[in-house]
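Peer 1:
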Amino acid sequence: QVQLVESGGGLVQAGGSLRLSCAASGNIRIFNVMAWYRQPPGKQRELVASITSDMYTNYADSVKGRFTISRDNAKNTVYLQMNSLKPEDTAVYYCKEVQAGMSYWGKGTLVTVSS
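Counted the way this note's numbering counts, the sequence shown spans residues 2 to 116.
#1: For residue 92, which residues of its own chain have a beta-carbon under 7 Å away from its beta-carbon, when the five flanking residues on both sides are left out?
#2: Got a sec? Which residues, its chain only, sit under 8 Å from residue 78 by beta carbon, not counting five neighbours each side?
#3: Where does the unbroken beta strand (DSSP E) through residue 99 begin, and where does it stop?
#4: Which whole-angstrom value is the C-beta distance of residue 86 and residue 16, which I expect to be below 8 Å?
#5: What does the alpha-carbon distance come out to for the pair residue 68 and residue 104?
#6: Determine, using beta carbons only, whether residue 70 and residue 54 come nearer to each other than 8 Å.
#7: Residues in its own chain within less than 6 Å of residue 60 by CB, not counting five upstream and five downstream?
#8: Could you tell me the alpha carbon to alpha carbon distance between residue 13 and residue 106, rounded to whole angstroms?
#9: If you draw a straight line from the C-alpha of residue 74 to the C-alpha of residue 80, how long is it?
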């Protein structure tokens, strides 16, 4: 089992920045993929960014150039630096970890961007 705990959400004005963190604990394997998803109000959950154990990254087109995903393998933590935030970035942000064919989710952290 893997437990994921997100933190860092909150209320920010458009153009501002936030940094989300996701701490993983439990049976963490060396080779895994960690990712951030988000679910805007009334919409489906969507991939924001992902990062592999060897630091390959992937981003949704809507956040390229504004968001940066990173990880600290020693701390089993993944981060999402969000800059130039827009009201349409408002969502619950979820952390996901995939290893050995299993997926684990955190409970999410709310990000609200005011215009």
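Glycine included, every Cβ here is placed at the ideal spot set by N, Cα and C.
Peer 2: Based on what the coordinates show:
#1: 39, 40, 41 and 112
#2: 22, 23, 24, 25 and 72
#3: 92 to 100
#4: 7 Å
#5: Straight across, the Cα-Cα distance linking residue 68 with residue 104 is about 23 Å.
#6: For the 8 Å CB-CB criterion, residue 70 and residue 54 do not form a contact.
#7: 50
#8: 24 Å
#9: 11 Å
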